[in-house]
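Beneath this line is the structure, given in structure tokens, with notes to follow.
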Amino acid sequence: MKAKNACVLFLAVPLFAQMQRVLPKYDPASRDRGKTAFGAACGFCHGQNARGGEGGPDLLHSVVVLSDENGKDLRQFLQNGRPDKGMPAFNGIPEEQAKDIATFLHAEVLGAVTARSVAVNIVTGDSKAGEAYFNGEGKCKTCHSVTGDLKGIGSRYDPVTLQDKAIMPRGGTGFGGPPPGPQQHVMVTLPSGEKFEGALIRLTLFHVTLRDAQGMRHTFARNGDVPKVEVKDPLQGHFENLSKMTDKAMHDITAYLVTLK
Amino acid sequence: MRRLLILLALSIAALAQGPLDPKLLLKSAIDSWPTYHGDYSGRHYSPLNQIDRSNVKALSLAWVYRANTAEAGAITGGEVKQGDTPIWLSYLGPQSIKAIPLMVNGIIYVSMPDNAWAVDARTGQEIWHYFWKTKGGIHIGNRGVGMYNNWLFFETPDCYLVSLDATTGKERWHKMIADVKQEYFCTPAPVIVREHVLVGMGGDSLDVPGWLESRDPETGDIQWKWYTTPRPGQPGAETWPDAYSMEHGGGMPWQPPTYDPDLNLLYVPTGNPNPVMAAQSRRGDNLWTASIVALNPDTGKMAWSFQTSPHDTHDWDAAQVPVLIDGIVDGQPRKLVAQAARNGFYFLLDRTNGKNLISKPFAESLNWFKGVDAKGSPIPNPDKDPKLDGTLVSPTSTGITNWPAPSFSPDTGLLYVGTEQTYSIYYLTDTTNRPQGYGAIERRLATAGNYLRALDYKTGELKWKVPTTGGPQGLLSTAGGLLFGTDGAGNFIAFDAENGHPLWHAGIGTASNAPETYMLDGKQYVVVAAGDSLYAFYLQ
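From first to last, the protein sequence lines stand for chains A and B.
The first sequence begins at 292 in the numbering used here and counts up by one.
The second sequence begins at 9 in the numbering used here and counts up by one.
Dropping the structure here:
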């Protein structure tokens, strides 16, 4: 696939990475000096990015590195080396250089834990098959039109968001999904026959709350089947497709929607 | 008269603050709640029946305790020094009580991340507050305290085990469990079996090893450690490609274990393997991750293991409660362990030997497995591993269910569990030979139905379900024919345990832990947390 289809995915995992996080800050100059020093002295065995190389382990998982503070523990370790495992001693390594190397390694660990995005092409499907799905099995055209509501949708969203929305426009089960889509509609019929309808705000075993066309909020107590509550979901078709959706159909439909420029 | 006074004095003393009688741990909780699930079985069931189907409508509020997290006025501890930079500190903001409180001799002991309290179980008044000054770590939750004699034990987000004097709240000692610098964080409630304080941990961002350890309740010294992945040459090593992958294979045991005193076996559910979602560097089943493991509490030696998610690639750990059921199968009395697992499978095993009896999906949306192998473990479909262009998978990494305690009622024979049928698209992002941490991202799309479900424990068949707003939830069943739980929309509810009909409810906000119950002064209390508050109910 051509690079123009490449897009950026924003990391939605891990859960706790979404939360407010106090992260350490590293001096970029020290990190850069450390990177150069590390590359020259350590890169052959441990790799230029410290993730393992010719015989040397991945240092981002090293307990010595993770436990180090400001190069103190690391310097001590380097002065002795680990001769039994073929790691030479770096006797006399200056304190400042050990600190720079430590800064580089700590920044690499931070980068691995908090990586936020990656450039990748996700448009791998067959757009013709996607078009066939749209008009056939997926029954998408029951509600949508490529010359109407979906006109130009391939230009409006990046492919990842488009893939999300094609499968489920509502989202809202947590982090990283698409913004909430069309709301459910509810009709409440009181024993008197009086009816209230509008956007469903909340439905529990005990209450139903809606917002009517005038923007007024109404809450009714529920007692079993009284009052009568009828919910209609504009996304019903998406839910019906969801349980049957194959990855091939998902990729094909995305490939098709991307062409709707 | 004098004799009467002495008797009276003795009976008052018996009701006052004081040490935990270890015999209480070996039977169903009546006038105490001395360990995480009330007893060791993990059934989260109470034989109390003062509150029952006929009178639960009259249940009313006894008191509310709002957790006081102010450092001022608290007894403080911690290893942080002035000017230290916080380490991996996250998940800040308002905390909720996820802990299941203990109630011993009229005192409630409850905790949140960095905090523990003693509260008068009759009045809801705070007795003491202990505050731990944190070095950092992920403050996602704290699941409770453990008690031995007059000592309390709880874990902190920066992974210390802290022991307090239950009478005063003063610290006896604290010991480091794991190094927060390596992204460990600690949430479990310690479980105490005789002279063993059983301690687990969490942390899956940095491919570090996991273990369960046993500590001495007096000194805090380590008695044994059991690593959740093997080392080269040990049984299970054949399910990993090399020493590096197993040593960095994760498997955090962050759910408190259950225990059978007759068999003297702990049932430890282990966490997911690492790297979490990019699995190209750990081909194989990855034992003993995502497994229910039976350990001897005196030695830490493994008796048997059953894997619920071989070669997991979706963060579906087995850290759900292993529920011990003494049941009848094919007319024969059997010692069983049941688990409604995060991956959506219900498992029933013989807990003497780990032999599988039932493996059956308990939600309809699962789309990730090809079948079940000869041992009863699901066979994952590799087409549903995270891929560069995305795979649509149910459930999300949060699972069909999760850590909150399910409940089993021996009266109805039903296992009650809160569920959600969610979907995510999983994108592989790290294609290197040695991926790190998660190595994939997840876009959460939808839930196609959340339910409180009641399963027949013998077959895993659904008996009934009630729609809810939330999914996983803590539950309590009682001999009063009741099931206490929530609708996920702010109501605490007493359901009819036979059929799921709601009989009573209170809009206290969505419950954040599993409810518990005990007798005090001849009254049955039901205590539950919602957000930062504990609510106690009884029949007035």
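Glycine included, each C-beta is placed from N, C-alpha and C at the ideal position.
Notebook entry, point to check: What in chain A is Cβ-close to residue 477 of chain B, meaning under 9 Å?
Noted result: Taking the first residue of the second sequence as 1, we reach residue 477 of chain B at position 469. Under the 9 Å cutoff, chain A gives 493, 494 and 495.
Notebook entry, point to check: For residue 164 of chain B versus residue 170 of chain B, is the C-beta spacing smaller than 8 Å?
Noted result: For this step, residue 164 of chain B is matched to residue 156 along the second sequence. For this step, residue 170 of chain B is matched to residue 162 along the second sequence. Yes, Cβ-Cβ distance for residue 164 of chain B and residue 170 of chain B is below 8 Å.
Item checked: Terminal residues of the alpha helix (DSSP H) in which residue 419 of chain A lies -> As a working mapping, residue 419 of chain A is identified with position 128 in the first sequence. 418-426 is the span of the alpha helix (DSSP H), which, as asked, contains residue 419 of chain A.
Note to self: Just list the residues that DSSP pairs residue 519 of chain A with in beta bridges.
What the structure shows: Counting from 1 along the first sequence, the entry for residue 519 of chain A is found at position 228. DSSP output for residue 519 of chain A lists A/480 as bridge partner(s).
Checklist line | One or two residues paired with residue 184 of chain B in a DSSP bridge | finding: Indexing the second sequence from 1 puts residue 184 of chain B at position 176. According to DSSP, which records beta bridges pairwise, residue 184 of chain B is partnered with B/168.
Checklist line | Continuous alpha helix (DSSP H) assignments of at least 4 residues falling wholly in the region 309-369 of chain A | finding: Entirely contained in the region 309-369 of chain A, the alpha helix (DSSP H) runs reaching 4 residues are, in chain order, 319-332, 334-337 and 354-358.
Next item on the list: List the residues that DSSP assigns as beta-bridge partners of residue 268 of chain B.
Entry: Residue 268 of chain B sits at position 260 when you count from the first residue of the second sequence. Partner(s): B/273.
Notebook entry, point to check: Could you check where the alpha helix (DSSP H) with residue 552 of chain A kicks off and where it finishes?
Noted result: In the first sequence, residue 552 of chain A corresponds to position 261, counting from 1. Residue 552 of chain A -> no alpha helix (DSSP H), and no H or E assigned at all.
Checklist line | As assigned by DSSP and simplified to three states, the class of residue 440 of chain A | finding: Mapped onto the first sequence, residue 440 of chain A falls at position 149. It is coil, neither helix nor strand.
Item checked: CA nearest to the CA of residue 398 of chain B, picked from B/362, B/512, B/378 and B/437 -> Reading the second sequence from its first residue, position 390 is the one you call residue 398 of chain B. Answer by Cα proximity: B/437.
Next item on the list: Anything in the region 521-535 of chain A with a Cβ closer than 7 Å to a Cβ of chain B? List those residues in chain order, please.
Entry: 530, 533 and 534
Checklist line | Cutoff 8 Å: residue 451 of chain B Cβ touching any chain A Cβ | finding: Residue mapping note: residue 451 of chain B aligns to position 443 of the second sequence, counting from 1. Residue 451 of chain B counts as touching chain A.
Notebook entry, point to check: Is the region 192-204 of chain B touching the region 53-63 of chain B, taking contact as three or more C-beta pairs under 8 Å?
Noted result: no
Checklist line | CA-to-CA distance, residue 443 of chain B to residue 293 of chain B, given in whole angstroms | finding: Locating residue 293 of chain B in the second sequence gives position 285, where the first residue counts as 1. Locating residue 443 of chain B in the second sequence gives position 435, where the first residue counts as 1. The alpha-carbon atoms of residue 293 of chain B and residue 443 of chain B are separated by roughly 17 Å.
Item checked: Within chain A, partners of residue 191 of chain B - CB distance below 7 Å -> For this step, residue 191 of chain B is matched to residue 183 along the second sequence. By Cβ distance, chain A contributes 404.
Item checked: Euclidean distance between Cα positions of residue 460 of chain A and residue 533 of chain A -> Taking the first residue of the first sequence as 1, we reach residue 460 of chain A at position 169. Taking the first residue of the first sequence as 1, we reach residue 533 of chain A at position 242. A straight-line Cα-Cα distance of about 12 Å links residue 460 of chain A and residue 533 of chain A.
Notebook entry, point to check: Which class does residue 528 of chain A belong to by DSSP, given the choice of helix, strand or coil?
Noted result: The residue given as residue 528 of chain A occupies position 237 in the first sequence. Three-state DSSP puts residue 528 of chain A in a helix.
Notebook entry, point to check: What are the start and end residues of each continuous beta strand (DSSP E) run of 3 or more residues lying completely inside the region 459-507 of chain B, in chain order?
Noted result: 470-475, 484-486, 490-494 and 500-504
Item checked: Proximity below 8 Å, CB of residue 317 of chain B to CB of residue 386 of chain B -> Working through the second sequence from its first residue, we reach residue 317 of chain B at position 309. Working through the second sequence from its first residue, we reach residue 386 of chain B at position 378. Yes, they are a contact pair.
Check: On the three-state DSSP scale, how would you describe residue 414 of chain A?
Finding: What you label residue 414 of chain A is simply residue 123 of the first sequence in a count that begins at 1. In the structure shown, residue 414 of chain A sits in coil (DSSP, three-state: anything other than H, G, I, E or B).
Item checked: Chain-ordered neighbours of residue 256 of chain A on chain B, where CB pairs are closer than 9 Å -> Absent from the structure is residue 256 of chain A, since the part of chain A shown begins at 292 and ends at 552.
Check: To which residues of the same chain is residue 420 of chain B closer than 7 Å at the C-beta, ignoring the five residues directly before and after it?
Finding: Start at 1 with the first residue of the second sequence, and residue 420 of chain B comes out as number 412. Cβ within range, chain order: 505 and 506.
Checklist line | Residue range of the unbroken alpha helix (DSSP H) whose run includes residue 252 of chain B | finding: For the purposes of this step, residue 252 of chain B is taken as residue 244 along the second sequence, with counting starting at 1. Note, residue 252 of chain B: alpha helix (DSSP H), 251-255.
Checklist line | Beta-carbon spacing of residue 435 of chain B, residue 400 of chain B below 8 Å | finding: As a first step, residue 435 of chain B is located in the second sequence; it is residue number 427 there, counting from the start. As a first step, residue 400 of chain B is located in the second sequence; it is residue number 392 there, counting from the start. Going by C-beta atoms, residue 435 of chain B is not nearer than 8 Å to residue 400 of chain B.
Margin query: I believe residue 154 of chain B touches residue 118 of chain B by the beta-carbon criterion, under 8 Å. Please report the beta-carbon distance rounded to the nearest angstrom.
Written below: For the purposes of this step, residue 154 of chain B is identified with residue 146 of the second sequence, where counting begins at 1. For the purposes of this step, residue 118 of chain B is identified with residue 110 of the second sequence, where counting begins at 1. Going by Cβ atoms, the distance from residue 154 of chain B to residue 118 of chain B rounds to 13 Å, so no, they are not a contact pair.
Next item on the list: Could you work out which residues of chain B lie near residue 415 of chain A, taking near to mean beta carbons separated by less than 7 Å?
Entry: For the purposes of this step, residue 415 of chain A is taken as residue 124 along the first sequence, with counting starting at 1. Chain B residues near residue 415 of chain A: 397.
Check: Does any CB atom of chain A fall closer than 8 Å to the CB of residue 516 of chain B?
Finding: On the second sequence, position 508 is the one that residue 516 of chain B refers to. Chain A contact via Cβ: absent.
Item checked: Cβ-Cβ distance between residue 513 of chain A and residue 492 of chain A below 8 Å -> In the first sequence, counting from the first residue as 1, residue 513 of chain A sits at position 222. In the first sequence, counting from the first residue as 1, residue 492 of chain A sits at position 201. If you check the CB distance, residue 513 of chain A and residue 492 of chain A do not come in under 8 Å.
Next item on the list: Can you give me the start and stop residues for the beta strand (DSSP E) that residue 556 of chain B sits inside?
Entry: One cannot answer for residue 556 of chain B here, as it falls past the ends of chain B, which runs 9 to 548.
Next item on the list: Answer with yes or no whether the minimum CB distance from residue 549 of chain A to chain B is below 8 Å.
Entry: Mapped onto the first sequence, residue 549 of chain A falls at position 258. Chain B, which has no Cβ nearer than 8 Å to the Cβ of residue 549 of chain A, makes this no.
Next item on the list: State yes or no: is the C-beta of residue 166 of chain B within less than 8 Å of the C-beta of residue 143 of chain B?
Entry: Counted from its first residue, the second sequence places residue 166 of chain B at position 158. Counted from its first residue, the second sequence places residue 143 of chain B at position 135. Result yes, Cβ atoms of residue 166 of chain B and residue 143 of chain B sit closer than 8 Å.
Checklist line | Sequence-distant residues of the same chain with beta carbon closer than 7 Å to residue 465 of chain A, five excluded per side | finding: Looking up residue 465 of chain A in the first sequence gives position 174. Residue placement at residue 465 of chain A is flagged as unreliable, the pLDDT there being 44, under the threshold of 50; the coordinate-derived value follows with that caveat. Here the set comprises nothing.
Next item on the list: Measuring alpha carbon to alpha carbon, tell me which of B/259, B/324, B/222 and B/44 ends up nearest residue 388 of chain B.
Entry: Here residue 388 of chain B refers to the residue found at position 380 of the second sequence. Closest by alpha carbon: B/324.
Next item on the list: Could you pull out every residue in the same chain whose Cβ sits closer than 8 Å to the Cβ of residue 433 of chain A, ignoring the five residues on either side in sequence?
Entry: Sequence index remark: in the first sequence, residue 433 of chain A carries index 142 (1-based). Same-chain partners within the cutoff: 528.
Item checked: Short-range partners of chain B found in the region 350-367 of chain A, where Cβ spacing is below 9 Å -> 351, 352, 354, 357, 358, 359 and 360
Item checked: 8 Å contact criterion, which residue 115 of chain B and residue 95 of chain B should meet: CB distance rounded -> Within the second sequence, the letter at position 107 stands for residue 115 of chain B. Within the second sequence, the letter at position 87 stands for residue 95 of chain B. Actually they do not touch by this definition, with Cβ atoms about 34 Å apart.
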